[in-house]
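*Asks:* In the working numbering, the protein residues as written are 204 to 616. My questions will all concern the structure given below.
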RNA sequence: CGGGGUUUGGCGCAGUUGGUAGCGCGCGCGCUUUGGGAGCGUGAGGUCAUCAGUUCGAGUCUGAUAACCCCGACCA
C-alpha cells in the first residue's frame, strides 16, 4: 500500500469524545471511523487488521473440524418465539422492526435459534453427529450504553461456533477441545499471557460457563485470579461456597479488571428441545441433540489488543495480525526508486510512505502510530553499502540489514 | 434507564457585563527547508447542534428537542 494513495490520513489529535486509548489511537491512525455511539466503520487498515484476527480464529475453528457458514442478520420472529427469547423482557437488547409486507423481524443478537432451526433440515441420524458449525457475523445489540470505542458496541463482529453432539459425554470432550483451541487463539493474537479461563455463571444445563478474560483496565468485569493454577473466577460467582467447590484459596486470589474476549457455554437441550432438533440413534429411538456455543468477538479483541499493547507513541500490532508487516521510509532519490520496486514486489506486506509532502519525522511518527511491526529505512547513505535499516516497533535499536536479505524476506510469511 | 456534563470550520480549543466569531493543527498556493510531527508569507473554509422564545440586537439569556461523553444500572 502506498500511503500517498490512502484516504484515511493520520491525525495528531484524537476526537474529544473518545476516552479509551485504543479508540483514540485507532481513530488517529485511520483504522476506524465513528458513525455514532457504539457504531464504527472499519477503514482499509482497520479492516485488514480485523480480517487478520478473524483469519487466526478461522484457522483454529477449521482445525477443530468446524464448518464455516454465514447466517443472516435479519431474523424472523417465529423461531425466537419457540425458545421464548422474542420478548423484550427476556432479551432486552433486540433491535426490531416491521416488514412492510407485514410481520416483525429482529436484527440478530446471537444465533442459537437460527442454527438450531436451520440444522433441523439436515440432522436426522446419529451418523450426522457430532457436528460443528461456525460463522463470522455482524451482531446487533441495543445496548443502553456503548463504551470504550470498539470494545462495547451496538454493532460488532462475532465468531460463533455451535456444537451438536449425541451425548453429554461427547459434548464435554469437545468443550475441552474448544477451551484448548481458545488458549491457542489468544496466544496467537498476542494477548495469551494476560488472558485467563474464568469461571462464570452458567445456564440451565451447567453450573458454570467459561469466559476468557483479558486483564485490562478499561474492561468491564472484575475477576479473581489464581496465577499458580492459571484460572480465574468472575465476580458474579465469587462466593465462599463456589471457591470451596473449585478448590481455590481466597488469600491467593488477585482481583483484576478484565475484558471478556470469549466464552464457551454448555447449552444442553435448551434450544434443541423447544425447536425440536432431534436425531435417531442406533436403536431407532428419537433423541435430543446436546448443544454448546462458543463465541469470540474479533472486533472487541482488536480493541483489547490495541488497548493493551499500545504505548505512548501509538499502536503495536503483533506480527500475525498487523495490517502490513513493513513500513518503508525512503530518504533520497535512489532510495525512493528502490522503495518503489520493493513495494511493487510485495504490496501486501509493505506500507510505502511515499508522501511527497511529509517530512521524515512525520513518517517515523506515523510508522509508530500505525503500529507496523518493522520499520525499514532506505537511504542513499546505507545504500552505499547495499544495506537498509530495520527497526522493530517493540524495540528502540536499529539494525543494518543487507538489501538482498530484506528482499529475501519479502514473500515469506 | 437514573444522575452529571458537553455541543463554536475536517480535528483540538478560546470567545468577558448580549453588539454580528477567533487561535492552533490540518488543507491550497509561493519561497526556504528536509534522519523524529519545519519556517516565513499568503489564501480558502462557519446557517455557533436543532427548534421556539426574550431583545433594537443572541455563540452568549430562557424553554424544549437531539446528539455525544462520564458515573451507575444493564450486559443471551
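Idealized CB from N, CA, C, for every residue including glycine.
1) Work out the CA separation of residue 340 and residue 289 for me, nearest whole Å.
2) May I have the straight-line CA-CA distance separating residue 213 from residue 565, to the nearest angstrom?
3) What are the complete beta strand (DSSP E) segments, minimum 3 residues, inside the segment 374–458?
4) Considering only residues of the same chain and omitting the five flanking positions on each side of residue 316, which have a CB-CB separation below 6 Å?
5) Which residue comes first and which comes last in the beta strand (DSSP E) that contains residue 473?
6) So, with DSSP's three-state summary, where would you put residue 234?
7) Mapping the DSSP letters down to three states, classify residue 269 as helix, strand or coil.
8) On the criterion of 16 or more Cβ atoms from any shown chain inside 10 Å, does residue 195 qualify as buried, or is it exposed?
9) Would you decide whether residue 335 is buried or exposed? Buried here means 16 or more other CB atoms lie within 10 Å of its CB.
10) Alpha carbon to alpha carbon, how far is residue 308 from residue 427? Give it in angstroms, no decimals.
11) Skipping 5 residues on each side, what residues in its chain have a beta carbon closer than 8 Å to that of residue 516?
12) Could you pull out every unbroken alpha helix (DSSP H) segment of at least 4 residues lying fully inside the segment 291–353, listed in chain order?
13) Tell me which residues share the same chain as residue 391 and place their Cβ nearer than 7 Å to its Cβ, disregarding the 5 neighbours each side in the sequence.
14) So, using beta-carbon positions, are residue 231 and residue 240 closer together than 7 Å?
15) In the structure shown, what three-state DSSP assignment does residue 207 receive?
16) Quick one: give me the first and last residue of the alpha helix (DSSP H) that residue 175 is part of.
17) Give every residue of the same chain whose Cβ lies closer than 7 Å to the Cβ of residue 597, excluding the five residues on either side of it in the sequence, and list them in chain order.
18) Pick out whichever of 312, 538 and 229 has its Cα sitting closest to the Cα of residue 586.
19) Is it right to say residue 311 is buried, meaning 16 or more other beta carbons lie within 10 angstroms of its own, or is it exposed?
20) Could you spell out where the beta strand (DSSP E) holding residue 282 opens and where it closes?
21) Spatial neighbours of residue 276 within its chain, please: C-beta separation below 6 Å, excluding the five flanking residues on both sides.
22) Rounded to whole angstroms, what's the CA-CA distance from residue 306 to residue 345? Just pull it up for me.
23) Excluding the five sequence neighbours on either side, which residues of its own chain have a C-beta within less than 8 Å of the C-beta of residue 384, listed in chain order?
24) Enumerate, from N- to C-terminal direction, the unbroken beta strand (DSSP E) stretches of 3 or more residues contained entirely within the segment 548–578.
25) Does the Cβ-Cβ distance between residue 396 and residue 464 come in under 7 Å?
26) Around the C-beta of residue 615, are 16 or more other C-beta atoms found within 10 angstroms, so that it is buried, or is it exposed?
27) Under the rule that 16 or more other beta-carbon atoms within 10 Å means buried, what is residue 469, buried or exposed?
28) Measuring CB to CB, does residue 314 end up less than 7 Å from residue 493?
*Replies:* According to the data block:
1) One-based indexing of the first chain puts residue 289 at position 86. One-based indexing of the first chain puts residue 340 at position 137. Using only the alpha carbons, I get a separation of about 20 Å.
2) The residue labelled residue 213 in the question sits at position 10 within the first chain. The residue labelled residue 565 in the question sits at position 362 within the first chain. A straight line joining the alpha-carbon of residue 213 with that of residue 565 spans about 10 Å.
3) 398–404, 411–418, 424–429 and 434–437, all fully within the segment 374–458.
4) Reading the first chain from its first residue, position 113 is the one you call residue 316. Taken in chain order, the residues that qualify are 282, 283 and 286.
5) As a working note, residue 473 is residue 270 in the first chain. Premise fails: residue 473 is in no beta strand (DSSP E) and is neither H nor E.
6) Translated into the one-based positions of the first chain, residue 234 becomes position 31. The answer is coil: DSSP assigns residue 234 none of H, G, I, E or B.
7) Position 66 of the first chain, counted from the first residue, corresponds to residue 269. DSSP places residue 269 in coil when its eight states are reduced to three.
8) The question about residue 195 has no answer, for the chain in this structure spans 204 to 616.
9) Your numbering for residue 335 matches position 132 in the first chain. Around the beta carbon of residue 335, 16 or more other beta carbons sit within 10 angstroms, so the residue counts as buried.
10) Translated into positions along the first chain, residue 427 becomes position 224. Translated into positions along the first chain, residue 308 becomes position 105. Near 40 Å, if we compare the C-alpha coordinates of residue 308 and residue 427.
11) Position 313 of the first chain holds residue 516. Answer for residue 516: 568, 571 and 572, listed in chain order.
12) Entirely contained in the segment 291–353, the alpha helix (DSSP H) runs reaching 4 residues are, in chain order, 315–323.
13) Along the first chain, one-based indexing puts residue 391 at 188. So the list reads 259 and 523, once near-sequence residues are dropped.
14) Within the first chain, numbered from 1, the residue matching residue 231 stands at position 28. Within the first chain, numbered from 1, the residue matching residue 240 stands at position 37. Cβ atoms of residue 231 and residue 240: not closer than 7 Å.
15) In the first chain, residue 207 corresponds to position 4, counting from 1. Helix, per DSSP.
16) The shown model of the chain, from 204 to 616, leaves out residue 175, and the question about it has no answer.
17) Translated into the one-based positions of the first chain, residue 597 becomes position 394. So the list reads 519, once near-sequence residues are dropped.
18) Mapped onto the first chain, residue 586 falls at position 383. The residue with the shortest Cα to Cα distance from residue 586 is 538.
19) Residue 311 sits at position 108 when you count from the first residue of the first chain. By the 10 Å Cβ count, residue 311 comes out buried.
20) As a first step, residue 282 is located in the first chain; it is residue number 79 there, counting from the start. Taken as a continuous stretch (DSSP letters only), residue 282 belongs to no beta strand (DSSP E), being part of the alpha helix (DSSP H) at 280–286.
21) Working through the first chain from its first residue, we reach residue 276 at position 73. Cβ within range, chain order: 310, 311 and 341.
22) Taking the first residue of the first chain as position 1, residue 306 is located at position 103. Taking the first residue of the first chain as position 1, residue 345 is located at position 142. Cα-Cα distance, rounded: 20 Å.
23) Mapped onto the first chain, residue 384 falls at position 181. So the list reads 263, 264, 266 and 267, once near-sequence residues are dropped.
24) 553–555
25) Against the first chain, residue 396 aligns to sequence position 193. Against the first chain, residue 464 aligns to sequence position 261. Not in contact: residue 396 and residue 464 (Cβ atoms no closer than 7 Å).
26) Against the first chain, residue 615 aligns to sequence position 412. Flag for residue 615 reads exposed.
27) Counting from 1 along the first chain, the entry for residue 469 is found at position 266. Buried: at least 16 other Cβ atoms inside 10 Å.
28) Reading the first chain from its first residue, position 111 is the one you call residue 314. Reading the first chain from its first residue, position 290 is the one you call residue 493. No. Outside cutoff.
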